[in-house]
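Visitor:
Protein chains in written order, with our numbering: chain D, 1 to 424; chain F, 425 to 763.
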């Protein structure tokens, strides 16, 4: 008699072991074909098993997916990616110094957010996850605004109601980040359905990690997107790790995440997520498809979470320290930089100057942001503001509670003034 | 004026709003071609087209999530959850997303979504087609919660819900879709045409959310209730022969505390009635509010008459249902006790 046993997926290496990414199938750059934008999902299933790659190891752009961007466009992209990384590193340090309560870096994943923001139109609506701050940077949101949110200060866009990094930007068409993972995925589909109902040509895009793809929201998003052929781009950022949990536990062991697409009738495209040009080109393909009534596309971005999950996490407890160095798809910033250098449009000197300039910019932004207050030292917003925006208009029970808090504050202030007087 | 049952009144509200406001869209399971399992959306797809009245996959979480996205994109979605018992797969989208979107973005994003859901028992629906989960949602900050007790209110309140800027959970007591129900399942069904509250204006009118209604003035005690139980309470008052004032809460959030408490301060006695289970039910909130506001006027402890704290049983529906006899007994208990 054979007894059942659970299969427990394991990462190839734990702390102290040698990193091993042999589980990844990585075809050479330039190999993947670029199908017609209206090709039926079932005819292009190989896009979900292979990997769209444009940049090779020598910085050359190869094959039919090369988006042929101008050197100036590439330099702008590089700048956004470097700025995102400089911003992340500064905020991490500020968290370590106790200036902000929490932070999450996107190190190693900058190409995904920056390339996609640049490949879409400003009128397209973005439903971000918590590690896509590059969307805000590439769309031009002021770093001061992002920092003020992390500081919960007097200029905080969330008015002190959200922990750091839960940004939003209505004017920039970027939706609010939720701490409940994957909820934004089917919401993006609803937004796209509304665009179609209204007969507009805007599309929506959303991002989740491979870990959150196990949530029912993923299935809801895929089903609704497929049924109504909604103009939406659904991105799974497979950075190999969901906190300590290897992507195999999210279901990535037998099939790629992109391969889930064709099961719903949606093209699934697997892309080298550290290849700026490939991410840009695949996003453009999906956007053209959506705008031509071709419906949704699922994109799996193969990348690596180089940093800890958050400032509350220590990855040395569950994965080898050297894994990032061994990651076979490299660093997205280094790769784009190498491409520009290979084109004769960039140099190490210009890179150094850019890094220095952006570091200075981040410093200036931080100085301005803290001038509007910090959570620990103030000033903060009036706590009575916490009662606003629960409803469009404040109902009587909230008015009463606000009045209760106001009176309490008044009594405390009076008592404090009294004890000061005694002290004098 | 027209004679309408509650299904027709709800259909009329949706019709009026689809006609007046191109941003209104209506969707849910079986609501399109078929017109809904309770017929509330009958004929609307034919009249307004498939882009505005549509069938959805069986995925309540997806339905509410899509509604949120549509609301953010400028539409006014009215989503139907086929039975309130099926709402739980959408719980995260309702509680974590819909209810708090305006708050978490300091007003920069919001989604004016109305979620309709038939609720309540008395239809041999067993424990998966009889629930009254309204109390769960009254505990969530940022949701308005409505339960009408008659066709006239159902239409006016639903129009207010769709026109408002806040998300609304609109619970429809399905036992009274076709006629008022006094709690006696053995009597012949009474149609809404025999009740003045089945007289419904055909065009647009709104009944503001947050206003309770005194459906029967009285001086001996106050019965606070809503939904189907309004009619059961009326029967109980007749049965007990006690001149009680009956208040239909209509909107649970925001609650019309003034109307409730003015009445209890006048009568000094209070019975709270709902079909939902008792423990941590909405009656507990009503009871606490009355106690806080009316303590020095109360002549007797506040009584609650509710469903028992069990799942809704299929075979013992009428033993479970808080019928007129139990309400009458509570009325006697609070009025017989001397101050």
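Glycine included, each C-beta is placed from N, C-alpha and C at the ideal position.
Note that this is a predicted model, so its numbers are computed, not measured.
Give the residues from the segment 606-623 of chain F that approach chain D closer than 8 Å (Cβ to any Cβ), ordered along the chain.
Guide: From the segment 606-623 of chain F, no residue has a Cβ closer than 8 Å to chain D.
Visitor: Of all the options F:483, F:549, F:445 and F:494, which has the alpha carbon lying nearest to the alpha carbon of residue 770 of chain F?
Guide: In the structure as shown, chain F begins at 425 and stops at 763. Residue 770 of chain F is therefore absent and cannot be evaluated.
Visitor: Using the Cα positions of residue 671 of chain F and residue 480 of chain F, report the straight-line distance between them to the nearest angstrom.
Guide: Here the question's residue 671 of chain F lines up with position 247 in the second chain. Here the question's residue 480 of chain F lines up with position 56 in the second chain. So the two alpha carbons sit approximately 37 Å from each other.
Visitor: Quick one: complete alpha helix (DSSP H) runs, 4+ long, within the segment 334-372 of chain D?
Guide: Whole alpha helix (DSSP H) segments, 4+ residues: 348-371.
Visitor: Using 8 Å for Cβ pairs, my map puts residue 237 of chain D next to residue 303 of chain D. What's the rounded Cβ distance?
Guide: What you label residue 237 of chain D is simply residue 237 of the first chain in a count that begins at 1. What you label residue 303 of chain D is simply residue 303 of the first chain in a count that begins at 1. The pair is a contact, with the Cβ atoms about 6 Å apart (cut-off 8 Å).
Visitor: Hey, how far is the Cα of residue 154 of chain D from the Cα of residue 163 of chain D?
Guide: Here residue 154 of chain D corresponds to residue number 154 of the first chain, with the count starting at 1. Here residue 163 of chain D corresponds to residue number 163 of the first chain, with the count starting at 1. Cα to Cα, residue 154 of chain D sits roughly 15 Å from residue 163 of chain D.
Visitor: Nearest CA to the CA of residue 312 of chain D: which residue from D:254, D:86, D:23 and D:104?
Guide: Here residue 312 of chain D is taken as the residue at index 312 of the first chain, counted from 1. Cα-wise, what sits closest to residue 312 of chain D is D:104.
Visitor: How many angstroms separate the CA atom of residue 688 of chain F from the CA atom of residue 507 of chain F?
Guide: Counting from one through the second chain, the residue named residue 688 of chain F turns up at place 264. Counting from one through the second chain, the residue named residue 507 of chain F turns up at place 83. Spanning the two alpha carbons is a distance of roughly 34 Å.
Visitor: Nearest chain F C-beta to residue 296 of chain D closer than 9 Å, yes or no?
Guide: Within the first chain, the letter at position 296 stands for residue 296 of chain D. No, residue 296 of chain D lies away from the interface with chain F (no Cβ there is under 9 Å from its Cβ).
Visitor: Using a 10 Å radius around the Cβ and a threshold of 16 neighbouring Cβ atoms, would you call residue 763 of chain F buried or exposed?
Guide: Position 339 of the second chain holds residue 763 of chain F. Summary for residue 763 of chain F: the model assigns pLDDT 45, below 50, so the residue's position carries little reliability; its value from the coordinates is reported in the next sentence. Exposed, because fewer than 16 other Cβ atoms sit within 10 Å of the Cβ of residue 763 of chain F.
Visitor: Quick one: residues in its chain with C-beta nearer than 7 Å to the C-beta of residue 398 of chain F, no 5 flanking neighbours on either side, listed in chain order?
Guide: A query on residue 398 of chain F cannot be resolved here, the shown segment of chain F reaching from 425 to 763 and no further.
Visitor: Can you give me, in chain order, the residues of the segment 559-588 of chain F that have a beta carbon less than 7 Å from any beta carbon in chain D?
Guide: 565 and 566
Visitor: Are there 16 or more other CB atoms within 10 angstroms of the CB of residue 447 of chain F, so buried, or fewer, so exposed?
Guide: Here residue 447 of chain F refers to the residue found at position 23 of the second chain. Buried is the call here.
Visitor: When DSSP labels each residue in this structure, what does residue 220 of chain D get in the three-state scheme?
Guide: The residue labelled residue 220 of chain D in the question sits at position 220 within the first chain. If DSSP states are grouped into helix, strand and coil, residue 220 of chain D belongs with the helices.
Visitor: Fully enclosed by the segment 626-665 of chain F, which beta strand (DSSP E) runs are 3 residues long or longer?
Guide: Listed in chain order, they are 637-640 and 645-649.
Visitor: Nearest to residue 628 of chain F by alpha carbon, out of F:431, F:443, F:429 and F:427?
Guide: Mapped onto the second chain, residue 628 of chain F falls at position 204. For residue 628 of chain F, the nearest C-alpha among the options comes from F:443.
Visitor: Does chain D have any CB closer than 9 Å to the CB of residue 491 of chain F?
Guide: Reading the second chain from its first residue, position 67 is the one you call residue 491 of chain F. By this cut-off, residue 491 of chain F is an interface position.
Visitor: May I have the straight-line CA-CA distance separating residue 119 of chain D from residue 348 of chain D, to the nearest angstrom?
Guide: Within the first chain, numbered from 1, the residue matching residue 119 of chain D stands at position 119. Within the first chain, numbered from 1, the residue matching residue 348 of chain D stands at position 348. Their Cα atoms are separated by approximately 26 Å.
Visitor: Fully enclosed by the segment 172-229 of chain D, which alpha helix (DSSP H) runs are 4 residues long or longer?
Guide: List check, alpha helix (DSSP H) in window: 184-197 and 216-228.
Visitor: Three or more C-beta pairs closer than 8 Å, one from the segment 326-335 of chain D and one from the segment 14-27 of chain D: is that the case here?
Guide: yes
Visitor: Quickly, what does DSSP pair residue 671 of chain F with across the bridge? List them, please.
Guide: Position 247 of the second chain holds residue 671 of chain F. Beta-bridge pairing links residue 671 of chain F to F:638 and F:648.
Visitor: What residues from chain D crowd round residue 521 of chain F, counting only those whose CB sits closer than 8 Å?
Guide: Here the question's residue 521 of chain F lines up with position 97 in the second chain. 178, 180, 183 and 187, listed in chain order.
Visitor: Which residue's Cα is closest to the Cα of residue 733 of chain F: F:621, F:561, F:557 and F:540?
Guide: Here residue 733 of chain F refers to the residue found at position 309 of the second chain. Selected option, being the one with the closest Cα: F:557.
Visitor: By the DSSP assignment, the alpha helix (DSSP H) with residue 297 of chain D in it spans what residues?
Guide: Looking up residue 297 of chain D in the first chain gives position 297. No alpha helix (DSSP H) contains residue 297 of chain D, which is instead part of the beta strand (DSSP E) from 297-302.
Visitor: Please confirm whether any heavy atom of the ligand GDP lies closer than 8 Å to the CB of residue 728 of chain F.
Guide: The ligand GDP is absent from the structure shown, which contains no ligand whatsoever.
Visitor: Return the chain-ordered ranges of every beta strand (DSSP E) run that is complete within the segment 545-632 of chain F and spans a minimum of 3 residues.
Guide: 568-570 and 592-597
Visitor: Could you please give the first and the last residue of the uninterrupted alpha helix (DSSP H) stretch that includes residue 150 of chain D?
Guide: On the first chain, position 150 is the one that residue 150 of chain D refers to. Start and end: 143-151.
Visitor: Could you give the distance in angstroms between the alpha-carbon of residue 609 of chain F and the alpha-carbon of residue 750 of chain F?
Guide: Residue numbering aside, residue 609 of chain F sits at position 185 when the second chain is read from its first letter. Residue numbering aside, residue 750 of chain F sits at position 326 when the second chain is read from its first letter. Residue 609 of chain F and residue 750 of chain F: Cα-Cα distance of roughly 15 Å.
Visitor: For the alpha helix (DSSP H) holding residue 309 of chain D, just list the boundary residues, first then last.
Guide: Translated into positions along the first chain, residue 309 of chain D becomes position 309. Element bounds for residue 309 of chain D: n/a, residue is neither H nor E.
Visitor: For the putative contact between residue 728 of chain F and residue 702 of chain F, defined by C-beta atoms under 8 Å, what is the C-beta separation to the nearest angstrom?
Guide: Within the second chain, the letter at position 304 stands for residue 728 of chain F. Within the second chain, the letter at position 278 stands for residue 702 of chain F. Right, their Cβ atoms sit about 6 Å apart.
Visitor: Thinking C-alpha only, which one of F:759, F:595 and F:524 is nearest residue 559 of chain F?
Guide: Mapped onto the second chain, residue 559 of chain F falls at position 135. Of F:759, F:595 and F:524, the smallest CA-CA separation from residue 559 of chain F is found for F:595.
Visitor: Does any CB atom of chain D fall closer than 9 Å to the CB of residue 470 of chain F?
Guide: Working through the second chain from its first residue, we reach residue 470 of chain F at position 46. It does not: the Cβ of residue 470 of chain F has no partner Cβ on chain D nearer than 9 Å.
Visitor: State the CB to CB distance for the pair residue 613 of chain F and residue 758 of chain F, rounded to an integer number of angstroms; the pair is presumed to be in contact (CB under 8 Å).
Guide: As a first step, residue 613 of chain F must be located in the second chain, where it is residue number 189. As a first step, residue 758 of chain F must be located in the second chain, where it is residue number 334. With 8 Å as the limit, residue 613 of chain F and residue 758 of chain F do not qualify as a contact, their Cβ atoms being about 31 Å apart.
Visitor: Considering Cα atoms alone, identify which of D:239, D:212 and D:276 is closest to residue 306 of chain D.
Guide: In the first chain, residue 306 of chain D corresponds to position 306, counting from 1. Nearest of D:239, D:212 and D:276 to residue 306 of chain D, Cα basis: D:239.
Visitor: Could you check where the beta strand (DSSP E) with residue 539 of chain F kicks off and where it finishes?
Guide: Counting from 1 along the second chain, the entry for residue 539 of chain F is found at position 115. From DSSP, the beta strand (DSSP E) with residue 539 of chain F extends over 538-543.
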